[in-house]
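Numbering (my numbering), first residue to last: 1 to 83.
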């Protein structure tokens, strides 16, 4: 009986530890331009971005465009501003 309890505790601990290492994902928008990020950045105030949860969807009357880019930064018009 003790072996079963210890096994269950070990499995539960393993699941809990693994869940803390899952990658965070978000959708970041500046104006009507959005992109995905997998890092939790503290964007500079002047970036003027809004960070949404990864499952965010715009409303039926809204129109956004996705422009993906690697690395830390944000879109300013058609230019990627790295920081």
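The beta-carbon is built from N, C-alpha and C at its ideal position, and this holds for glycine as well.
Check, Outcome
"Given residue 26 as reference, the closest of 68, 32, 37 once Cα atoms are compared", "37"
"The segment 65 to 74 contacting the segment 28 to 35, beta-carbon criterion three pairs below 8 angstroms", "yes"
"Which of helix, strand or coil DSSP assigns to residue 22", "Confidence is the limiting factor: at residue 22 the pLDDT is only 48, short of 50, which leaves the residue's position unreliable, though a coordinate-based value still follows. Here residue 22 sits in coil by DSSP."
"Reduced DSSP secondary structure (H/G/I, E/B, other) of residue 40", "coil"
"Run of the beta strand (DSSP E) containing residue 49, from where it starts to where it stops", "No beta strand (DSSP E) holds residue 49; DSSP gives it neither H nor E."
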